[in-house]
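Peer 1:
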Amino acid sequence: MTVPPRYDLPETDAFSQPYWDAAAEGRLLIRRCGDCGTAHHYPREFCPRCWSESVSWEEASGRATLYTWSVVHRNDLPPFGDRVPYVAAVVDLAEGPRMMTEIVDCGESDLRIGMELRVHFRGDPPVPVFRHGVPPESNR
384 MTVPPRYDLP ETDAFSQPYW DAAAEGRLLI RRCGDCGTAH HYPREFCPRC
434 WSESVSWEEA SGRATLYTWS VVHRNDLPPF GDRVPYVAAV VDLAEGPRMM
484 TEIVDCGESD LRIGMELRVH FRGDPPVPVF RHGVPPESNR
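In my numbering, the protein residues as written are 384 to 523.
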């Protein structure tokens, strides 16, 4: 029997390993440029603003605000189809970058642009998702 491909599992490599190691500890990492000071996410080996390679890992606070969202009612890619409906979202991290994610444990009618969120980690490997009003010590 052929196992269908999984579209929800990240591919790790030597560059991204610190990110996934921190996630396993309930910590969200971002990258910050040592030349222009810009924080960015998704992690890249160069600054997307000034193209400097002087970037390093930094622990984020885990705080964010909701920028926008969409409730997904149909997704044919495994295993997302088993999870519908779910909330795909873009959040503004307190440190500045925008991040694509999922909002969990919050009813669709309770979602509001600008609502305060906290990071939470789900799955194995743990991926960052966000909840409304969850203190950082309850990340996992």
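Ideal placement from N, C-alpha and C gives every residue a C-beta, glycine not left out.
Could you check if Ser521 is buried or exposed, using at least 16 other CB atoms within 10 Å of its CB as the buried criterion?
Peer 2: Here the model assigns Ser521 a pLDDT of 48, short of 50, so the residue's position is not dependable and the matter cannot be decided.
Peer 1: Strictly by DSSP, which residues pair up with Arg375?
Peer 2: Lying before the first or after the last residue shown, residue 375 is absent from the chain, which here runs from 384 to 523.
Peer 1: DSSP three-state label for Asp459, please.
Peer 2: Three-state result, Asp459: coil.
Peer 1: Can you pull the DSSP bridge partners for Ala422?
Peer 2: In DSSP, Ala422 forms a bridge with Arg415.
Peer 1: If distances are taken between C-alpha atoms only, which option among Trp434, Leu412, Trp452 and Arg414 comes closest to Leu494?
Peer 2: For the residues Trp434, Leu412, Trp452 and Arg414, the minimum Cα distance to Leu494 belongs to Trp452.
Peer 1: Among residues of its own chain, excluding the 5 on either side of Val473, which ones have a beta-carbon nearer than 6 angstroms to its beta-carbon?
Peer 2: Counting only Cβ-Cβ distances below 6 angstroms, and skipping sequence neighbours, we find Tyr450, Thr451, Arg481 and Met483.
Peer 1: Where do the ends of the beta strand (DSSP E) carrying Arg514 lie?
Peer 2: First-last of the beta strand (DSSP E) with Arg514: Val510 to His515.
Peer 1: Are the CB atoms of Glu436 and Leu412 within a distance shorter than 9 angstroms?
Peer 2: Not a contact, by the Cβ cut-off of 9 angstroms.
Peer 1: DSSP state of Tyr450, grouped into three classes?
Peer 2: In this structure, Tyr450 counts as strand in the three-state DSSP scheme.
Peer 1: Would DSSP call Glu442 helix, strand or coil?
Peer 2: Of the three classes helix, strand and coil, the one that applies to Glu442 here is strand, per DSSP.
Peer 1: Who does Thr385 pair with in a DSSP beta bridge?
Peer 2: None; Thr385 has no bridge partner.
Peer 1: Out of Pro509, Arg514 and Phe513, which one is the CA nearest neighbour of Glu408?
Peer 2: That would be Pro509, whose Cα lies nearest to the Cα of Glu408.
Peer 1: Out of curiosity, what's the CA-to-CA distance linking Tyr405 and Ser492?
Peer 2: Before going on, a small fix: residue 405 reads as Ala here, not Tyr. Looking at the two C-alpha atoms, the distance is approximately 32 angstroms.
Peer 1: As a quick exercise: from Phe513, Cys430 and Ala447, pick the residue whose alpha carbon is nearest that of Ser439.
Peer 2: Of the candidates Phe513, Cys430 and Ala447, the one whose C-alpha sits nearest the C-alpha of Ser439 is Cys430.
Peer 1: Could you round the C-beta distance between Pro426 and Arg414 to whole angstroms and report it? I think they count as a contact, below 8 angstroms.
Peer 2: Pro426 to Arg414, Cβ: 5 angstroms. Contact.
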